[in-house]
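Protein chains in written order, with our numbering: chain A, 1 to 285; chain B, 1 to 346. Below is one structure, written out as structure tokens, with a few remarks after it.
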């Protein structure tokens, strides 16, 4: 379990806090989505959690042990996939992974060749990383993060620069990592990804958490319970939006279902993006 | 140990891909060609002396021509003035008069040390007594404390100077390239979230640079000096100096964000590193501060190893000084790397 309590941080020379009284918990084996636009404080929180920025105010506790008491071996337990690809460009993809594999003292790890195959870089393993496209570099960084089978994964925009097919492949790996028992801290402004894979999401804006719950609960809380129905009557196609909290609409909905004339039906809950805009008045991009 | 070797292998591989080995090969071959073929075997370092003999009976020329050679003699004072004005390292001595009434004029640049001119004046007194046969009696003897060994050719004697400067500069320059490359690529950030700390980072990079410097030294030494050398002392001296300068390079590079910001401090360091070259060319130029510059013990140590003069107990204090300096610099480097490279920059 990861516990973050009343975390605050200000960069030297800045009068405003980049992170202001942020608290949350992540259960073991769960995916926690940290959502917000650029500059909201997402990366600052992640950097404090992994010890790259000093802890100024608040606490970060891993399995009951404060971050300050964790030694260098803590890094054997975590895998970090950075938003901006940071790899040795003069080395090949395979050489990069061999190098990083050698840095960790862990019992079980995935073979670099295997993990490259998993992320779809098997054919490019002997190509210099400097010649990779942005998406390929992103996948290499992702592969590096999961290679030593860490207990906790910090994934910062893991789908950035990826085409939908490759993105789907990475999404599946993230879910497999969760099944394996890894706890995942996912930083993103990709609401679709968060909606699909996260157990809990927190919205961060101007350094503060403004909402935190499961995607479903957020949608229920901030959205409307409505259904958009297309049905055919007397050879004519009709579209109706029915609000399920109104008796009249509910009866109409039941009637349409019983007649069997319904052709399409879509629930009308709000998207995470719409909720974020509703709460902050600004978009995520 | 496995982690260290992994890191060292990677640093050597990146160095190879950066072309560091190609650079040292080219530099080394150039140096070998320079020493073996371009530099003369005999060369005079210091002032070029010319004589004008206007004495009655040409007393000086008949006495000194065999020793100094005909080229050292000029025909007139006007010619002597012209030569001294055109050659920056020239001075001329004009002899005139006769045995009983001599006159000697020294034409020089004016920038020579007064001590050198005083010594020349004293030598001229003795020379006149000898050439004019005025009863000079030699009352001194020379005792050389070291064995009277053959002096190395000028070309080879420049080797410790050229090599000493380059070995220290290479380690300093190459490690800064590696550090700025990692900063630009961001790969240093990935290292920060691994369980390996600052020491391993420092030592793997430093050792990689030391290996490159040793290879460079071998590329130059074997074709010029040969294999007859005290290899243990030689390798230890090169490795220790390179290690010290590499760590110094890392210590300074840690405080800068880009290679372009680092250029000016690097030029400053190189200018200071070059100062011992003055002492090497003019042994009388000795300041305590200059002997503390790492290039100094390296140059003089290499000279003693390459062309032994029989000096005993010379190398050990040099090596001890280098070790102590390396210990101090390594502690400073660790502090700088921990503070500036192992944490997220603000």
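Glycine residues also receive a C-beta, built at the ideal position from the N, C-alpha and C atoms.
Check: Under the rule that 16 or more other beta-carbon atoms within 10 Å means buried, what is residue 294/B, buried or exposed?
Finding: Label assigned to residue 294/B: buried.
Notebook entry, point to check: Could you give the residue range of the alpha helix (DSSP H) that holds residue 224/A?
Noted result: Taken as a continuous stretch (DSSP letters only), residue 224/A belongs to no alpha helix (DSSP H), as it is neither H nor E.
Check: Can you give the Cα-Cα distance for residue 274/A and residue 208/A, rounded to whole angstroms?
Finding: Rounded to whole angstroms, the gap between the alpha carbons of residue 274/A and residue 208/A is 19 Å.
Notebook entry, point to check: Along chain A, which residues have their Cβ under 8 Å away from the Cβ of residue 343/B?
Noted result: Those within 8 Å of residue 343/B in chain A are 52, 53, 54.
Checklist line | Contiguous alpha helix (DSSP H) assignments of at least 4 residues, all confined to the region 68-122 of chain A | finding: Residue ranges of uninterrupted alpha helix (DSSP H) with 4 or more members, entirely inside the region 68-122 of chain A and ordered along the chain, are 93-101, 112-118.
Next item on the list: Taking residue 105/A as the query, report the chain B residues whose CB atoms sit under 8 Å from its CB, ordered along the chain.
Entry: Against chain B, a Cβ distance below 8 Å from residue 105/A picks out 3, 195.
Margin query: Our contact map puts residue 128/A next to residue 113/A with C-beta atoms below 8 Å; I'd like the distance itself, whole angstroms only.
Written below: Not quite, the Cβ-Cβ distance comes to about 17 Å (not below 8 Å), so this is no contact.
Checklist line | Option in 58/B, 157/B, 89/B with minimal Cα separation from residue 224/B | finding: Proximity to residue 224/B across 58/B, 157/B, 89/B peaks at 157/B, based on C-alpha coordinates.
Next item on the list: For residue 191/A, collect the residues of the same chain with a Cβ closer than 8 Å to its Cβ; drop the 5 residues on either side in sequence, then sort them by chain order.
Entry: Once the five neighbours on either side are set aside, the close Cβ partners of residue 191/A are 35, 271, 272, 273, 276, 284.
Item checked: Host alpha helix (DSSP H) of residue 125/B (start-end) -> Start and end: 114-131.
Checklist line | Paired residues, beta bridge with residue 249/B - DSSP | finding: Residue 249/B is not bridged to any residue.
Notebook entry, point to check: Under a CB-based cut-off of 7 Å, is residue 14/B close to chain A?
Noted result: Yes, contact with chain A.
Item checked: Contacts that residue 144/A makes with chain B (C-beta to C-beta distance below 9 Å) -> 190, listed in chain order.
Margin query: Distance check for residue 332/B and residue 36/B, CA to CA, integer angstroms please.
Written below: Their Cα atoms are separated by approximately 41 Å.
Check: Candidates 104/A, 211/A, 224/A: which alpha carbon is nearest residue 279/A's?
Finding: Of 104/A, 211/A, 224/A, the residue nearest in Cα terms is 211/A.
Checklist line | Alpha-carbon to alpha-carbon, residue 185/B and residue 175/B | finding: Approximately 15 Å between the Cα atoms of the pair.
Check: Buried or exposed: where does residue 86/B fall if 16 or more other Cβ atoms within 10 Å of its Cβ makes it buried?
Finding: Per the 10 Å Cβ criterion, exposed.
Item checked: Buried or exposed by the 16-neighbour rule on C-beta atoms within 10 Å, applied to residue 264/B -> Residue 264/B comes out exposed.
Notebook entry, point to check: Hey, residue 207/B and residue 8/B are a contact pair by Cβ (cut 8 Å); roughly how many whole angstroms apart?
Noted result: Between the beta-carbon of residue 207/B and that of residue 8/B there is about 6 Å, and that keeps the pair under the 8 Å contact cut.
Check: In this structure, what does DSSP give as the bridge partners for residue 65/A?
Finding: Among the bridge pairs identified by DSSP, residue 65/A is matched with 62/A.
Item checked: Buried or exposed by the 16-neighbour rule on C-beta atoms within 10 Å, applied to residue 144/A -> Burial call: buried.
Next item on the list: Note down the Cα distance separating residue 152/A from residue 29/A, rounded to an integer number of angstroms.
Entry: A straight line joining the alpha-carbon of residue 152/A with that of residue 29/A spans about 9 Å.
Checklist line | Proximity test, Cβ basis, 7 Å: residue 204/B and chain A | finding: For residue 204/B, no CB of chain A lies under 7 Å from its own CB, so it is not counted at the interface with that chain.
Check: What residues from chain B crowd round residue 119/A, counting only those whose CB sits closer than 8 Å?
Finding: Here the premise fails: no neighbours, minimum Cβ distance about 16 Å.
Notebook entry, point to check: Which residues of chain B have a Cβ atom closer than 8 Å to the Cβ of residue 91/A, listed in chain order?
Noted result: 10, 13, 14, 17, listed in chain order.
Next item on the list: Could you tell me which of 192/B, 40/B, 31/B, 219/B sits nearest to residue 342/B, measuring between CA atoms?
Entry: Out of 192/B, 40/B, 31/B, 219/B, the CA that lies nearest to the CA of residue 342/B is found in 192/B.
Next item on the list: Pull up the CB-CB distance for residue 238/B and residue 269/B, whole angstroms please, since I reckon it's below 8 Å.
Entry: Between the beta-carbon of residue 238/B and that of residue 269/B there is about 19 Å, and that puts the pair past the 8 Å contact cut.
Notebook entry, point to check: Taking only beta-carbon atoms, is residue 34/A less than 7 Å away from chain B?
Noted result: Not an interface residue.
Note to self: Closest to residue 116/B by C-alpha separation, out of 178/B, 49/B, 245/B, would be which residue?
What the structure shows: The residue among 178/B, 49/B, 245/B with its C-alpha nearest the C-alpha of residue 116/B is 49/B.
Item checked: Nearest-angstrom beta carbon gap, residue 119/A and residue 170/A [assumed within contact, 8 Å] -> Separation of the CB atoms of residue 170/A and residue 119/A is rounded to 7 Å, and the pair is thereby assigned contact status at 8 Å.
Checklist line | Residues within the region 169-189 of chain B neighbouring chain A, beta-carbon criterion of under 7 Å | finding: The residues in question are 185, 186, 187, 189.
Margin query: Contact criterion: CB-CB distance below 7 Å. Does residue 351/B meet it with respect to chain A?
Written below: There is no way to answer for residue 351/B, as the model of chain B reaches only from 1 to 346.
Check: Shortest alpha-carbon distance to residue 14/B belongs to which of 40/A, 17/A, 90/A?
Finding: Checking every option, the nearest Cα to that of residue 14/B belongs to 90/A.
Notebook entry, point to check: What is the DSSP secondary structure of residue 256/B, reduced to helix, strand or coil?
Noted result: Correct three-state label for residue 256/B: coil.
Notebook entry, point to check: Would you call the region 181-191 of chain A and the region 95-109 of chain A in contact, with 3 or more CB pairs under 8 Å?
Noted result: With fewer than three CB-CB distances shorter than 8 Å, the region 181-191 of chain A does not count as touching the region 95-109 of chain A.
Notebook entry, point to check: Comparing alpha-carbon positions, which option in 168/A, 162/A, 157/A lies nearest residue 81/A?
Noted result: Selected option, being the one with the closest Cα: 157/A.
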